[in-house]
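Read the structure below first, then the notes.
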Amino acid sequence: MNFLFSGTHHMDTTAYTPHAIEEKWQKYWDDTKTFKVGEDTGKEKYYLLEMFPYPSGRIHMGHVRNYTIGDVVARYKMMRGYNVLHPMGWDAFGMPAENAAISNKTHPAAWTYANIDAMKQQLKRLGFSYDWDRELATCSPDYYKWEQQLFIKMWEKGLAYRRKSLVNWCDSCQTVLANEQVEGGQCWRCKSQVQQKELEQWFFRITQYADELLDSLEKLTGWPERVVAMQRNWIGRSYGSEIDFPIENTDRKITVFTTRPDTLFGATFMSIAPENPLAISLSKDTPQAAAVKAFIEKTLKQDKIVRCSDDLEKEGVFTGSHCINPVTGYRMPVYIANFVLMEYGTGAVMAVPAHDQRDFDFAKKYGLEIKVVIEPEGQTLDPAAMTAAYVEAGIMANSGRFDGTANEAAKAAITDALAEKNIGKKAINYRLKDWGISRQRYWGTPIPMIYCDACGTVPVPEKDLPVLLPENVSLEVLGRSPLSDVPEFVNVACPACGKPARRETDTMDTFVESSWYFARYTCSDFDKGMLDTKRVNYWMPVDQYIGGIEHAVLHLLYSRFYTKVLRDFGLVNVDEPFVNLLTQGMVCMETYRCEKCGWLFPEEAENGACKKCGGAAQVGRVEKMSKSCKNVVDPELLIGKYGADTARLFCLFAAPPELDLAWSDKGVEGSFRFLQRVWRIAVEHMDVISHSASCPAGFLPDADVKALRRKTHQTIRKVSEDIDKRFHFNTAISAVMELLNHLYQFDLKDNGDPARAFAFKEAVQAVVVLLAPMVPHMCEELWSLLGGRGNIMHTPWPDFDPEIAREDEVEIVIQVNGKLRGKIITGAGATEENVRQQALACEQVAPWVNGKEIKKVIVVPGKLVSIVVK
RNA sequence: GCCUGGGUGGCGGAAUUGGUAGACGCAAGGGACUUAAAAUCCCUCGGUCGCAAGGCUGUACGAGUUCGAUUCUCGUCCCAGGCACCA
């Protein structure tokens, strides 16, 4: 460690005043642009990114935690000599702005920009090391212009397309929702029931990338396993076959997807989804027409929750038509069944009651034939005696030339046989659907398309981009895009033929903006195109991305997709946007409940009584901080009371980043106390520290000095490892606390001993530098008070000296038959034989060993001796 | 049902490669300083038996592997998250 200290300072007993110190350094960092970065090929780059916030107007504790974690990593990497890109911006489009506009009569833009200003001040007050020159807001035309340009490119390549489709419709939000925004049949935002509605919608063909999105998950070794698992689950690839079933007395056919082609000979009926157009056409002109119509109406009226619930009765109705099993010729009645989903596969399922439980139940209910085609080895199954479907592996039966083979082998064999006759083929099916991006809302990126009666769908010419959002729009229209009520926006001359045409009035899903903001940060001022190749390729990929687990599927999957699209357009040269991902836990807080009044604010529940009704108030579960649970702690109040450094320290110390953090007011006070302890020991000994030379000549350390120096260097090693390898700031901080405790016990002998003074100084300086990424304001201040040279952020991270850190005496534990019986102290270099002798001679173990036969002695160098006796 | 994670003192958590379980902090108790309080500094702090030395016990539960298991294997229970009539 080499500290460069000089100059003299007066002894100063100034108290720790976080606000003055923090504001001073925040201004300094701002004025000197400490965190501005550019491309520097002489240094290794490190791109650190935290998920950008929606500008709601105020930051919450989740932001404080997320951004503090990121800031520590960024500052640590800076001190390690990396060229660190650490940007911040605003996910600024979205519905709350519109809702606020309606209730407050403000314009969404004015509301949004005012919120951005307010939140930016709050983030600055926390002292985060952002390069604010790269700040971007997705609602700015400078940003969404490029998104429109890429949309047109995607349309040209068929990656963006328009089709009529049933969409998830939220009546309360008056908009369509992506599948990912529907949670258990409810709107993710307002929790109201989601309905189905047919609309013309724009889609991104994400399914074209399904295989790559799935397969390259393997490469994401820096991602948490569970996020990878969630994405794999979401994409949901399954291998199987597509098989055609001719419809009797027509030249049409029903195509099904199945993962069990081996059961084809046992298919005795067909189940189709109520939404399947075949349902109506097959029952037309049959006696079943009325019954079918009634069944479809009944089923579609059922809300999705009920329809998807586990215990829903399996029901169906015969369409009046049959199709033909292509291998057995069996006349299969075609049923409409309420459990068949139009969204998955082809909306039709070949039913094999003997080998699928749902089909079995259905067949029993409607008296349909059950035909066994797979049997356990050496057994026969009697359909009449079966009480459940046989779904295990087995031997083929009643399946013509496939009889006697293993069913797993028959899957491919039957599919191949079908393929030869051109009535079937191997197929892969995905749960993942194309990404519907149309939103019938105002505050989003306009979709840059024009509809002309003569020319059809025409993109807005590049020179006319961006398609700006018009300003004077009534937001209170319902059920259609507010833009459709703005004639001067809608009416436009066709770019191709010049005749009157109409603009698309939907806007894009806001997840589109957040799918590429990380790339735009590298060149947010670039005005010649979406991305500046040189800069984006210098910085990308993001080395470390940090954010909430709630984005495990939506945002992270879309961003991966978009990155691959950008790559295929030659705009970036990476396959994956985020090398390492850290999903931090939620910030939680104790709750209070009253049986009558529900959730209570803590101050309403003092002394176990509800202040509202006088009833009993109970301490509830620890829940995620939320307005509805009335358990939020406002970061601003926290900073007001203790300062930003304490807020940061507590967020880091209370739990490792990936775990939920239980907020504790007492714990915050503890963090504040620790900072005061650091402050006090440094300031009270400022003379010693700033006057003490580097290692004094003729340096002869006594045991105390050696012990302190050892602790100092061990702490440097521990903190470096904890931050570098694991992001375990809690244990890093506890190591510094140990060093500080050691310092408080250390006897300076009235400063008369230069060796002691030096060891003391070295330890205090280590505390200040090691804490700098976590509590930067206090450390900058102490660094300058103690005469440190320059800015602490430009001070190299200290190296530890392995010689000094090494213990020269080791405590060895002695076990007898696995139980701890004694301890001995040995020199660090003691030989195995020597340790063994000492252990066997140890007084404490004698009673356990004497008179017994020693079977075995195991010596683990530096750790323990294990004696086995009989 | 399937896929992930988890389960350690009064509490948050630590134990990094199978090697002293409970670092560090909070809370609690005790002491010093003070006329007193606050603040500060120091000490104790899993359970249990014991005056003590020390013993026994203990990481959800039950087995197993091992000289040795919070850590590895198998089974069970519970909690959280994700997916789910997926053909």
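For the first sequence, my numbering begins at 96 and goes up steadily by one.
For each residue, glycine too, the CB sits at the ideal point set by N, CA and C.
Which one of the options has the shortest CA to CA distance from residue i?
i, options, result
"Asp817", "Ala501, Pro751, Glu779, Leu835", "Pro751"
"Thr189", "Asn668, Ser961, Gly957, Phe606", "Position check: residue 189 holds Gly in this sequence, whereas Thr was assumed. Among Asn668, Ser961, Gly957, Phe606, the Cα nearest to that of Gly189 belongs to Phe606."
"Tyr653", "Glu671, Asp638, Ile641", "Glu671"
"Cys285", "Val271, Leu294, Asp799, Lys292", "Val271"
"Phe457", "Gly411, Lys719, Ser759, Gln474", "Gly411"
"Pro372", "Gly184, Thr414, Ala508, Thr354", "Thr414"
"Pro942", "Ala925, Cys282, Val954, Ile962", "Ile962"
"Val831", "Asp842, Val864, Asp346", "Val864"
"Cys618", "Met635, Asp604, Asn726", "Met635"
"Thr628", "Phe656, Ser378, Leu666", "Leu666"
"Ala204", "Ala501, Leu564, Phe673", "Leu564"
"Val859", "His889, Asn912, Leu803", "Leu803"
"Met249", "Ser579, Asp380, Arg662, Glu470", "Arg662"
"Pro697", "Gly442, Lys722, Met183", "Lys722"
"Arg630", "Gly133, Asp125, Tyr123", "Gly133"
"Arg901", "Gly957, His786, Asp266", "Gly957"
"Glu230", "Phe621, Asp896, Leu877", "Phe621"
Give every residue of the same chain whose Cβ lies closer than 6 angstroms to the Cβ of residue i, excluding the five residues on either side of it in the sequence, and list them in chain order.
i, result
"Ala514", "Lys520"
"Val717", "Cys683, Glu685, Ala757"
"Lys691", "Cys708, Gly710"
Since residue i contacts residue j with CB under 8 angstroms, what's their CB separation in whole angstroms?
i, j, result
"Thr810", "Leu834", "4 angstroms"
"Gly335", "Asn517", "Actually they do not touch by this definition, with Cβ atoms about 18 angstroms apart."
"Trp297", "Leu676", "So it is not a contact: roughly 29 angstroms between Cβ atoms."
"Leu756", "Gly680", "6 angstroms"
"Leu560", "Gln244", "6 angstroms"
"Ser759", "Thr741", "So it is not a contact: roughly 13 angstroms between Cβ atoms."
"Glu340", "Ile419", "Glu is not the amino acid found at residue 340; the sequence shown has Phe there. Contact holds; Cβ gap of about 6 angstroms."
"Asp638", "Tyr162", "Contact flag wrong, Cβ pair sits at about 17 angstroms."
"Asn825", "Phe745", "Between Phe745 and Asn825 the Cβ distance is about 10 angstroms, and since that is not below 8 angstroms, they are no contact."
"Thr353", "Met437", "Rounded, the Cβ-Cβ distance is 16 angstroms, inconsistent with contact."
"Asp529", "Ile330", "Between Ile330 and Asp529 the Cβ distance is about 13 angstroms, and since that is not below 8 angstroms, they are no contact."
"Val289", "Val277", "5 angstroms"
Leaving out the 5 sequence neighbours to the left and right, which residues in its chain are closer than 7 angstroms to residue i when beta-carbon positions are compared?
i, result
"Glu906", "Lys918, Ile920"
"Met106", "Because Met106 carries a pLDDT of 35, less than 50, the predicted location of this residue cannot be relied on, and the following value inherits that uncertainty. Excluding positions up to five away in sequence, the list reads Met781, Asp782."
"Lys844", "Arg851"
"Thr970", "Nothing about residue 970 can be reported from this structure: the residues present for the chain run from 96 to 965 only."
"Val862", "Val773, Val831, Leu834, Leu835"
Excluding the 5 residues flanking residue i on each side, which residues of the same chain have their C-beta closer than 8 angstroms to its C-beta?
i, result
"Ala704", "Gly710, Ala711, Ala712"
"Gln939", "Ile909, Arg916, Gly917, Lys918"
"Asn929", "Thr921"
"Gln121", "Lys219, Arg220, Gly222, His872"
"Ser198", "none"
"Pro556", "Pro590"
"Glu139", "Gly176, Tyr177, Asn178"
"His202", "Ala196, Glu566"
For the ligand HEM, I want to know if residue i counts as a neighbour, meaning its beta carbon is within less than 6 angstroms of at least one of the ligand's heavy atoms.
i, result
"Glu566", "Looking at this structure, you won't find the ligand HEM or any other ligand, since it has none at all."
Threshold first: 3 residues or longer. Then list the beta strand (DSSP E) segments lying entirely within the stretch 311-391, N to C.
When DSSP assignments are scanned along the stretch 311-391, the uninterrupted stretches of beta strand (DSSP E) that are 3 or more residues long and fall wholly within it turn out to be 332-341, 348-353, 364-367.
Counting Cβ pairs, one atom from each stretch, are 3 or more of them under 8 angstroms apart for the stretch 174-181 and the stretch 219-227?
Segments in contact, yes.
Does the stretch 114-121 come into contact with the stretch 610-630, if we say contact requires no fewer than three beta-carbon pairs (one atom in each stretch) closer than 8 angstroms?
Segments in contact, no.
Could you name each continuous alpha helix (DSSP H) segment of 4 residues or more that falls completely within the stretch 509-593, going from the start of the chain to the end?
582-585
Could you give the uninterrupted runs of the beta strand (DSSP E) lying entirely in the stretch 888-935, keeping only those of 3 residues or more?
904-911, 914-922
For the stretch 589-597 and the stretch 533-550, state whether three or more C-beta atom pairs, one from each stretch, are separated by less than 8 angstroms.
yes
Can you give, in chain order, each stretch of the alpha helix (DSSP H) that sits fully within the stretch 826-884 and has at least 4 residues?
849-866, 871-880
With three or more beta-carbon pairs closer than 8 angstroms as the criterion, would you say the stretch 244-259 touches the stretch 769-782?
no
Three or more beta-carbon pairs under 8 angstroms between the stretch 186-200 and the stretch 153-168, yes or no?
no
Given 8 angstroms, three or more beta-carbon pairs between the stretch 420-434 and the stretch 499-506
no
Give, in chain order, every unbroken run of the alpha helix (DSSP H) that is at least 4 residues long and sits entirely within the stretch 584-665.
612-615, 628-634, 649-663
With three or more C-beta pairs closer than 8 angstroms as the rule, is the stretch 308-318 touching the stretch 474-485?
These segments do not touch.
Evaluate contact between the stretch 359-369 and the stretch 383-397, counting only Cβ atoms and requiring at least three cross-stretch pairs below 8 angstroms.
yes
Quick check on the DSSP output: what are the complete beta strand (DSSP E) runs of length 3 or more inside the stretch 182-260, in order along the chain?
As far as the stretch 182-260 is concerned, it has no whole beta strand (DSSP E) run of at least 3 residues.
Contact between the stretch 167-175 and the stretch 200-213 (3+ Cβ pairs under 8 angstroms)
no
Could you tell me which whole alpha helix (DSSP H) segments of length 4 or greater appear in the stretch 108-152?
113-127
Starting from the N-terminal side, write out each stretch of the beta strand (DSSP E) that is 3 residues or longer and does not extend beyond the stretch 775-820.
Correct list: empty.
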